[in-house]
Amino acid sequence: MPTLYQTIIVALIATFIILFLGKTGLRTKFRDWNDKIGISIVASMLDCDFCFSFWTCLFVAIGFWIFGYEPHFLVLLCAPPITRYLL
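Taking the working numbering, I'd label the letters of the sequence shown as residues 2 to 88.
Here you go:
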(Lines of atoms letter the chains of each structure in order from A and count residues from 1; the text may use other names and numbers.)
(Lines give C-alpha, C1' and ligand atoms only; values in the text may rest on other atoms or scores of the structure.)
Protein backbone atom coordinates (compact mmCIF):
# COMPACT_ATOMS: atom_id res chain seq x y z
CA MET A 1 0.00 0.00 0.00
CA PRO A 2 1.49 3.38 -0.93
CA THR A 3 2.48 5.60 1.96
CA LEU A 4 0.15 8.47 1.07
CA TYR A 5 -2.84 6.16 0.72
CA GLN A 6 -2.03 4.46 4.03
CA THR A 7 -1.63 7.84 5.75
CA ILE A 8 -5.04 9.01 4.58
CA ILE A 9 -6.75 5.74 5.52
CA VAL A 10 -5.13 5.71 9.00
CA ALA A 11 -6.18 9.34 9.55
CA LEU A 12 -9.77 8.66 8.48
CA ILE A 13 -10.13 5.54 10.62
CA ALA A 14 -8.59 7.31 13.63
CA THR A 15 -10.94 10.26 13.14
CA PHE A 16 -13.91 7.92 13.05
CA ILE A 17 -12.79 6.16 16.25
CA ILE A 18 -12.23 9.45 18.10
CA LEU A 19 -15.58 10.88 17.00
CA PHE A 20 -17.34 7.64 17.92
CA LEU A 21 -15.77 7.58 21.39
CA GLY A 22 -16.68 11.23 21.90
CA LYS A 23 -20.26 10.81 20.74
CA THR A 24 -20.94 7.73 22.87
CA GLY A 25 -19.32 9.26 25.96
CA LEU A 26 -16.70 6.52 26.27
CA ARG A 27 -13.89 9.06 25.93
CA THR A 28 -14.99 11.01 29.01
CA LYS A 29 -15.67 7.82 30.95
CA PHE A 30 -12.17 6.54 30.16
CA ARG A 31 -10.68 9.92 31.10
CA ASP A 32 -12.58 9.99 34.41
CA TRP A 33 -11.52 6.42 35.15
CA ASN A 34 -7.86 7.33 34.61
CA ASP A 35 -8.26 10.32 36.94
CA LYS A 36 -9.87 8.08 39.52
CA ILE A 37 -7.07 5.51 39.56
CA GLY A 38 -4.39 8.21 39.57
CA ILE A 39 -3.00 8.20 36.04
CA SER A 40 -3.38 11.90 35.40
CA ILE A 41 -1.02 11.99 32.40
CA VAL A 42 -3.26 9.62 30.43
CA ALA A 43 -6.31 11.62 31.48
CA SER A 44 -4.75 14.85 30.25
CA MET A 45 -3.75 13.19 26.97
CA LEU A 46 -7.34 12.10 26.46
CA ASP A 47 -8.40 15.75 26.70
CA CYS A 48 -5.84 16.83 24.07
CA ASP A 49 -7.10 16.07 20.55
CA PHE A 50 -3.61 15.95 19.08
CA CYS A 51 -2.26 13.54 21.70
CA PHE A 52 -5.30 11.32 21.47
CA SER A 53 -5.16 11.33 17.67
CA PHE A 54 -1.47 10.34 17.75
CA TRP A 55 -2.12 7.33 19.98
CA THR A 56 -5.19 6.34 17.99
CA CYS A 57 -3.21 6.56 14.73
CA LEU A 58 -0.47 4.47 16.32
CA PHE A 59 -2.91 1.70 17.24
CA VAL A 60 -4.56 1.81 13.80
CA ALA A 61 -1.14 1.63 12.10
CA ILE A 62 -0.18 -1.32 14.29
CA GLY A 63 -3.46 -2.96 13.27
CA PHE A 64 -2.55 -2.43 9.60
CA TRP A 65 0.87 -3.93 10.25
CA ILE A 66 -0.69 -7.00 11.89
CA PHE A 67 -3.02 -7.54 8.93
CA GLY A 68 -0.11 -7.57 6.51
CA TYR A 69 0.34 -4.05 5.21
CA GLU A 70 3.83 -2.63 5.13
CA PRO A 71 4.51 -0.40 8.13
CA HIS A 72 5.67 3.12 7.34
CA PHE A 73 6.90 5.37 10.12
CA LEU A 74 6.01 8.40 8.00
CA VAL A 75 2.37 7.52 8.62
CA LEU A 76 2.83 8.16 12.34
CA LEU A 77 4.20 11.62 11.63
CA CYS A 78 1.65 12.67 9.00
CA ALA A 79 -1.63 11.07 10.08
CA PRO A 80 -2.15 12.81 13.49
CA PRO A 81 -2.18 16.38 12.06
CA ILE A 82 -4.64 15.26 9.37
CA THR A 83 -6.76 13.62 12.05
CA ARG A 84 -6.64 16.76 14.18
CA TYR A 85 -7.70 18.86 11.20
CA LEU A 86 -10.63 16.53 10.47
CA LEU A 87 -11.82 16.71 14.08
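We put the beta carbon where it would ideally sit given N, CA and C, even for glycine.
Close-in-space but distant-in-sequence residues of the same chain around residue i (CB under 7 Å, 5 per side omitted)
i	result
Arg28	Leu22 and Leu47
Phe31	Leu47
Rounded Cβ spacing between residue i and residue j (contact assumed at less than 8 Å)
i	j	result
Cys49	Thr84	So it is not a contact: roughly 12 Å between Cβ atoms.
Phe10	Ser54	Before going further, note that residue 10 is Ile rather than Phe in the sequence given. About 14 Å separates the two Cβ atoms, so there is no contact after all.
Cβ neighbours of residue i in the same chain (closer than 8 Å, five flanking residues each side left out)
i	result
Ile14	Val61
Gly69	none
Neighbourhood of residue i by C-beta, 6 Å cutoff - its chain only, sequence neighbours within 5 removed
i	result
Leu75	Thr4
Asn35	Val43 and Ala44
Pair within 8 Å by beta-carbon distance, residue i and residue j
i	j	result
Thr25	Leu88	no
Proximity winner among the options, relative to residue i (alpha-carbon distances)
i	options	result
Trp56	Glu71, Tyr70, Val43 and Ile38	Val43
Phe86	Trp66, Gly69 and Cys52	Reading the sequence as shown, one finds Tyr at residue 86 and not Phe. For the residues Trp66, Gly69 and Cys52, the minimum Cα distance to Tyr86 belongs to Cys52.
Next item on the list: Would you be able to state if there are at least three C-beta pairs under 8 Å between the segment 78-86 and the segment 3-16?
Entry: Counting C-beta pairs closer than 8 Å gives three or more between the segment 3-16 and the segment 78-86, which meets the contact rule.
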